Ligand SMILES: [Zn+2]
Ligand SMILES: [Zn+2]
């Protein structure tokens, strides 16, 4: 009797459940978990290491996404700060989206605030060679830069306190078989209208431009210059998107700007870091914890824990080479005959020079 009652109850409840769900059955289990990937980099020299991409486009120039999508990408991919840098002069979608150069920032800003992403106001000054393309960051009103005379544009940007980056200096569309610094760039530099250069853009590295940073006292920048979706462009299963690491006193826009003017930046693209020797040396040391596991007359064996997402590829003059895996633990065997320092082949401190380290340190 009891079991019949139970059966009847079960039957009734499942029928009512079915009836109840005939109009709308929710299946939240098939939706994607809203997850932010964390980028692992060490804090160093008392600074926070902020992960930034300062060059990207939207529907408000020649990009193919709405501005808020750039914020979603930045959040999902673990960035701290981005700048949307729509072209001022190359604006094919103007007839569809109107002609206010501030729009992409205005649309994305409230959403960036909600997501905790620092959105820097920027724009791309888009001129033929010379002088080429430039991103003006930390500007306040892009429309004031929308003016035909070249020097007027730079004056307007400077007046707004802009940090100005020369973009893709070795881009073949503008410098087909050279990567040359012109007189106009010296003039801009002298006038305080040039603060940095992209040593990496999208999928191109410009070794010559990298040396300019040291010679001329400007900052190293790596950017995606993304137009479509970031996930369609890069193999994110193997690498983070290209980015600039900025060593800032705190996670604010003002601290970011101060750090960039002080040239505390590292360009990160693929497995390569490019920047000042002191910062890369510190990055290497701050990432690793090394412990001697065992030793015998033939070799020493170390446990190495790497807390950063950058692997380190080491090579000794004697020929011994090994890789410390990214974000994980490695066991490294160093033959007793291996003496002297190691070169880290993926840490670039000059166009033709890699960082030299001691291992263990
Ligand atoms: Zn450009
Ligand atoms: Zn661009």
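In this note's numbering, the protein residues as written are 158 to 518. Just so it is clear, CB atoms sit at the ideal spot from N, CA and C, and this is done for glycine as well. Note that the coordinates shown come from a computational prediction; the quantities given were computed from them, not determined experimentally.
Residues in the same chain with beta-carbon distance under 7 angstroms from residue i, minus the five sequence neighbours each way, listed in chain order, please.
i, result
"residue 472", "478, 499, 500 and 502"
"residue 369", "338, 354 and 375"
"residue 259", "298, 299 and 300"
"residue 516", "471 and 499"
"residue 248", "218"
"residue 518", "442"
"residue 193", "232, 233 and 235"
"residue 460", "448, 450, 486 and 488"
"residue 307", "284"
"residue 310", "282, 302 and 304"
"residue 504", "430, 437, 441, 511 and 512"
Do you know whose CA, among the options, lies nearest residue i's CA?
i, options, result
"residue 327", "290, 219 and 507", "290"
"residue 457", "492, 200, 260 and 446", "492"
"residue 211", "184, 204, 241 and 227", "241"
"residue 254", "271, 224 and 237", "224"
"residue 235", "262, 197 and 268", "197"
"residue 265", "460, 231, 380 and 448", "231"
"residue 445", "414, 481 and 347", "481"
"residue 315", "324, 323, 325 and 302", "302"
"residue 488", "466, 462 and 318", "462"
"residue 380", "187, 398 and 497", "398"
"residue 455", "189, 322, 494 and 271", "494"
"residue 474", "453, 452, 497 and 465", "497"
"residue 276", "365, 366, 185 and 411", "411"
"residue 322", "228, 282 and 333", "282"
"residue 317", "350, 389, 510 and 434", "350"
"residue 386", "216, 184 and 334", "216"
"residue 271", "191, 209 and 228", "228"
"residue 267", "226, 287, 243 and 256", "226"
"residue 435", "202, 464, 359 and 190", "202"
"residue 506", "377, 179 and 313", "377"
"residue 401", "209, 186, 391 and 336", "209"
"residue 343", "180, 335 and 288", "288"
"residue 405", "390, 392, 422 and 394", "422"
Does residue i get closer than 8 angstroms to chain C when you measure Cβ to Cβ?
i, result
"residue 453", "Here chain C cannot be found, since the structure has a single protein chain."
Following the continuous beta strand (DSSP E) through residue i, name the residue where it begins and the one where it ends.
i, result
"residue 231", "Segment 224 to 233 is the alpha helix (DSSP H) holding residue 231; no beta strand (DSSP E) there."
"residue 451", "445 to 453"
"residue 574", "Outside the modelled stretch of the chain, which goes from 158 to 518, sits residue 574, for which no answer is possible."
"residue 205", "205 to 210"
"residue 422", "422 to 426"
"residue 429", "429 to 432"
"residue 239", "238 to 241"
In chain order, what residues of the same chain lie with their CB nearer than 6 angstroms to the CB of residue i, ignoring the 5 residues before and after it?
i, result
"residue 396", "427"
"residue 278", "262 and 296"
"residue 357", "379, 399, 424 and 426"
"residue 250", "216"
"residue 214", "220, 243 and 384"
"residue 313", "301 and 302"
"residue 269", "228 and 276"
"residue 331", "286 and 289"
For the alpha helix (DSSP H) containing residue i, name the first residue and the last one.
i, result
"residue 414", "410 to 418"
"residue 467", "Where residue 467 is concerned, there is no enclosing alpha helix (DSSP H), given that its DSSP letter is neither H nor E."
"residue 251", "251 to 254"
Looking only at its own chain, which residues have a Cβ that is under 8 angstroms from the Cβ of residue i, when we skip the five neighbours before and after it?
i, result
"residue 438", "512 and 514"
"residue 320", "293, 294, 295, 352, 353, 414, 417 and 418"
"residue 200", "206 and 443"
"residue 466", "196, 197, 198, 397, 483 and 484"
"residue 509", "364"
"residue 346", "373 and 375"
"residue 189", "none"
"residue 274", "228, 231, 232, 236, 237, 238 and 239"
"residue 167", "Its pLDDT being 48, under 50, residue 167 is placed unreliably by the model, and the measurement read from it follows with that caveat. So no residue of the chain qualifies."
"residue 409", "275"
Return yes when at least one heavy atom of ligand 4 lies under 7 angstroms from the C-beta of residue i, else no.
i, result
"residue 406", "In the structure on display, ligand 4 does not appear, and the ligands it does have are ligand 1 and ligand 2."
key: Beta carbon shell of ligand 2 at less than 7 angstroms from a heavy atom   = 212, 214, 242, 244, 281, 290, 324 and 382
query = Can you give, in chain order, each stretch of the beta strand (DSSP E) that sits fully within the segment 352 to 407 and has at least 3 residues?
reply = 353 to 358, 376 to 380 and 400 to 405
key: Uninterrupted beta strand (DSSP E) stretches inside the segment 267 to 353 (no shorter than 3 residues)   = 275 to 283, 290 to 294 and 320 to 323
Length at least 3, wholly inside the segment 471 to 499: the beta strand (DSSP E) runs in chain order = 478 to 481 and 485 to 492
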